[in-house]
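Going by UniProt numbering, the residue at position 239 of the sequence shown is 239; the numbering climbs one at a time, nothing skipped.
Note that the Cβ used here is the ideal one computed from N, Cα and C, for glycine as well.
A quick note: this is a predicted structure, and the numbers were derived from the prediction, not measured.
What follows is one structure encoded as structure tokens, with my remarks underneath.
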Amino acid sequence: MDEYRATAQQLKTARLTLTKLMQELSTAPEVPGVDLPGLAAYNDAVAAARKAPVGDDALAAHAESTLTEAIAAAESLRAQASDELTRRESAWAPVAARLGGWVGLEEQARKVDDELNAVAAAKKWVTEHAAAFRNRRLKPIAAQARDIWHQLRQESNVDLVEISLEGTATRRKVVLEGAVDGKPTKALSVMSQGELHALALALFLPRATSAKSPFRFVVLETRSRRWIPPRSTASSRCCARSPRRTR
């Protein structure tokens, strides 16, 4: 009797252990972007194994067949996952190497961050004050241009008051501030054709005869003969006073 009870207890324990084992089988989640053909087969095998039938003989037969299928499906899935991992590691290895090299460069770059910030601040300051710098460089030329214009204007009542530069990059322009009989106005809008030609000469000569000019001579092809005689005489005197050879 005791032997029977012991055998019955062993059978009960074996049944509970087997049932628990099959119930603890877990499915594998799908990984986004990863194609594993054996995933569905493994999950189906696990689901089939967890459907334990009633009866010891049926349970034993069920466990033998379904667990064998689940193990085979798991091994196939593991092999597929390993191959996919190897493929991805091979694809990422060159990228990882380049990233590793970039990290070293980035660390070196951080060492000069302060210098870069200083250069950026200096560039910003220069950009903000570029117009002032250009106009400061223009002052001597503008003064010469006004002096020449005063000689060429003769009977003109248009006075050249200020010459400045405005704008940035490719949108820069020369702004001419003038006065007519002492009243401020835009110089170009009130000038005759002869006055405009004389003004062009007044603006051109200081630059053309500058020490930084690559030409060091001036060739004039104008209709100065149509000017009034005093203006023609004044233009000749201006050219004669030029420190460069004039033709």
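- Message: Based on DSSP bridge pairs, tell me the residues matched to Asp159.
- Response: Answer by DSSP bridge pairing, in chain order: Ala179.
- Query: Cβ atoms of Val180 and Ser164: under 9 Å apart, would you say?
  - Reply: For Ser164 and Val180, no; Cβs fall outside 9 Å.
- Could you have a look at Pro94 and say whether DSSP puts it in helix, strand or coil? In the structure shown, Pro94 sits in a helix (DSSP, three-state: H, G or I).
- Item | For Glu84 and Val31, the rounded distance between their alpha carbons | Using only the alpha carbons, I get a separation of about 12 Å.
- Query: For Ala121, is the classification buried or exposed, using 16 other Cβ atoms within 10 angstroms of its Cβ as the cut-off for buried?
  - Reply: Result: exposed.
- Return the residue from the list Asp159, Ala81 and Ala60 that minimises the CA-CA distance to Gly38. Out of Asp159, Ala81 and Ala60, the CA that lies nearest to the CA of Gly38 is found in Ala81.
- Among Ala45, Asp56 and Val103, which has the Cα closest to the Cα of Leu77? Looking from the CA of Leu77, the closest CA among Ala45, Asp56 and Val103 belongs to Ala45.
- Item | Segments of 4+ residues assigned as alpha helix (DSSP H) that fall wholly inside the stretch 117–157 | Runs found: 130–152.
- Query: Who are the near neighbours of Lys186 in its chain, counting only those whose CB is closer than 8 Å to its CB and skipping five residues on each side?
  - Reply: Excluding residues within five positions, the ones whose Cβ falls inside 8 Å are Leu176, Glu177 and Gly178.
- Task: State the DSSP-derived secondary structure class of Ser213, mapped to helix, strand or coil.
- Result: Note: Ser213 maps to coil in three-state DSSP.
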